[in-house]
Amino acid sequence: MKDDLLNHFNIQGFQENLIAWYQANKRNLPWRENQDPYRVWVSEIMLQQTKVDTVIPYFQRFMEKFPDVYRLASADEQDVLKAWEGLGYYSRARNLQSAVREVVSEYDGKIPDNKEALGKLKGIGPYTKGAILSIAFQQPEPAVDGNVMRVLSRVLHITDNIAEAKVKKQFEPIVTKMISKEDPSSFNQGLMELGAMVCTPKSPLCLFCPVQEYCRAFLKGDQENLPIKSKAKKPKKVAYIALLLKQGKEKIIIEKRKEQGLLANLWQFPMIPSKGKTVHEAEEWFEAKYGWAIQIGKHAGKLKHVFTHLIWELEIYEADVLYAPKKSKLKSVNIHELSQYPFPVSHQKMMKYLH
DNA sequence: AATCCGGGGAC
DNA sequence: GTCCCAGGATT
Numbered sequence: 001m002k003d004d005l006l007n008h009f010n011i012q013g014f015q016e017n018l019i020a021w022y023q024a025n026k027r028n029l030p031w032r033e034n035q036d037p038y039r040v041w042v043s044e045i046m047l048q049q050t051k052v053d054t055v056i057p058y059f060q061r062f063m064e065k066f067p068d069v070y071r072l073a074s075a076d077e078q079d080v081l082k083a084w085e086g087l088g089y090y091s092r093a094r095n096l097q098s099a100v101r102e103v104v105s106e107y108d109g110k111i112p113d114n115k116e117a118l119g120k121l122k123g124i125g126p127y128t129k130g131a132i133l134s135i136a137f138q139q140p141e142p143a144v145d146g147n148v149m150r151v152l153s154r155v156l157h158i159t160d161n162i163a164e165a166k167v168k169k170q171f172e173p174i175v176t177k178m179i180s181k182e183d184p185s186s187f188n189q190g191l192m193e194l195g196a197m198v199c200t201p202k203s204p205l206c207l208f209c210p211v212q213e214y215c216r217a218f219l220k221g222d223q224e225n226l227p228i229k230s231k232a233k234k235p236k237k238v239a240y241i242a243l244l245l246k247q248g249k250e251k252i253i254i255e256k257r258k259e260q261g262l263l264a265n266l267w268q269f270p271m272i273p274s275k276g277k278t279v280h281e282a283e284e285w286f287e288a289k290y291g292w293a294i295q296i297g298k299h300a301g302k303l304k305h306v307f308t309h310l311i312w313e314l315e316i317y318e319a320d321v322l323y324a325p326k327k328s329k330l331k332s333v334n335i336h337e338l339s340q341y342p343f344p345v346s347h348q349k350m351m352k353y354l355h
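This is the structure in structure tokens:
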């Protein structure tokens, strides 16, 4: 990327227009009620790859349940995951709690206000570090997210592929040069708010843009073609037989997922990799893996669930327990107790087939 | 540098 | 269907 991007750029004029627009037009959001570093932190984690409107109710409930670092640090991880249920990227919740526990044990419960300590906490990367330092502590640190890259690639007419890590990193020194020393919080949030409300991915509202006069892409009529971003590859399909496995009339069998990887530590109905398997082979696979003898019965429906890099194709079957070992990975619970466990959305959809 | 990690909403 | 969202961790 060229290093003379800002040579003939009116940084002060850009700052003034952006901050004035932000102050006049910013949305009333729950995490903007004050600058409590804990609230800023939680909101920034929830907002990773997640829209504002999705986050709002989760943030409200999370703050009622875990109002400060001590309440979150001492909580049961399953309760934290339950509060995160449906929000996705569940490692965010587990990393957040792990980092909060470190803040309690190593920093006397006070969230660090320097980038060295903050950046070492689990789940806090370059963006979140800069967001907390600028918003909660008024430090002129860059916070480069997707909005900021889109806005600045247009304003400065940057044509590098923003999907590349090295290109992303190059936005940080640029923001460091552009950021307001007087109000870094409003500057960073202003860039993001502008990206969300005006400088949108498609059909940006340039006629209402407070920094239109500074925008090189608008000058060239190029705003619709920026930023440049290579496409992600398509997710792979994986087929499963998913079981509504009953034990008697009231009990249903569920299973806790592994500690690592996809949907870690969430609960699910038992799933059998079904590629090339007959129903009978699925029963045998299940007995070999769990030691439970089962009988698969009626086909109850099918579900397709799309992840970022994966597609689950679930064939849902009712099934009955013929024999259960005394000790098992599987758990037998009353149907009315299912709501106490954190389930991924795909398996919440499965619950509709229960009767 | 590439891959993994959710879910939803706008179009 | 496509895109992408206040990204980070792992390999």
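Quick note, the first sequence lines up with residues 1 to 355 if you use my numbering.
Glycine included, every Cβ here is placed at the ideal spot set by N, Cα and C.
Look up residue i in the DSSP assignment and give the residues it is bridged to.
| i | result |
| --- | --- |
| Ala165 | Paired residue(s): none; Ala165 is not in a bridge. |
| His305 | Trp312 |
| Asn334 | Lys251 |
| Lys240 | One point to set straight first is that residue 240 is Tyr, not Lys, in the sequence displayed. In DSSP, Tyr240 forms a bridge with Pro273, Leu314. |
| Ala288 | DSSP lists no partner for Ala288. |
| Ala282 | Answer is none; Ala282 lacks a bridge partner. |
| Lys82 | Its beta-bridge partners do not exist; DSSP assigns none. |
| Lys256 | Trp267 |
In this structure, does DSSP put residue i in helix, strand or coil?
| i | result |
| --- | --- |
| Tyr90 | coil |
| Pro273 | strand |
| Tyr323 | strand |
| Trp267 | strand |
| Leu354 | coil |
| Lys298 | strand |
| Lys220 | helix |
| Leu121 | coil |
| Ile228 | strand |
| Lys329 | coil |
| Ala293 | strand |
| Lys65 | helix |
| Leu245 | strand |
| Asn181 | The question names Asn, yet the displayed sequence has Lys at residue 181. Three-state DSSP puts Lys181 in coil, outside helix and strand. |
| Pro357 | Outside the displayed span of the chain (1 to 355) sits residue 357, for which this structure offers no information. |
| Thr50 | coil |
| Arg101 | helix |
| Phe137 | coil |
| Lys110 | coil |
| Val42 | helix |
| Arg154 | helix |
| Lys234 | coil |
| Cys209 | coil |
| Asn95 | helix |
| Leu194 | helix |
So is residue i buried or exposed if we call it buried at 16+ other beta carbons inside 10 Å?
| i | result |
| --- | --- |
| Ala288 | exposed |
| Lys327 | exposed |
| Asn7 | exposed |
| Glu283 | buried |
| Lys168 | buried |
| His347 | buried |
| Gln295 | exposed |
| Asn188 | buried |
| Gln340 | exposed |
| Asn225 | exposed |
| Arg27 | exposed |
| Ser186 | buried |
| Tyr323 | exposed |
| Asn34 | exposed |
| Arg71 | exposed |
| Glu337 | exposed |
| Arg39 | buried |
| Gly130 | buried |
**Message:** Under 8 Å: do the segment 294-309 and the segment 228-243 share three or more Cβ pairs, one atom per stretch?
**Reply:** yes
**Message:** Tell me whether the segment 170-181 and the segment 3-20 touch, counting them as touching only if at least three CB pairs, one residue from each stretch, are closer than 8 Å.
**Reply:** yes
**Asked** With contact counted as at least three CB pairs below 8 Å, one residue from each stretch, are the segment 191-198 and the segment 257-274 in contact?
**Response** no
**Message:** Could you check whether the segment 13-30 touches the segment 204-213, counting it as contact only if at least three pairs of C-beta atoms, one from each stretch, sit closer than 8 Å?
**Reply:** In short, these stretches touch, since the Cβ pair count reaches three.
**Asked** How about the segment 149-169 and the segment 111-121: do they share at least three Cβ pairs that are nearer than 8 Å?
**Response** Contact between the segment 149-169 and the segment 111-121 is absent: fewer than three C-beta pairs spanning the two stretches fall below 8 Å.
**Message:** Would you call the segment 239-251 in contact with the segment 271-281, where contact means no fewer than 3 C-beta pairs closer than 8 Å?
**Reply:** yes
**Message:** I want to know whether the segment 36-54 touches the segment 79-98 - three or more CB-CB distances under 8 Å.
**Reply:** yes
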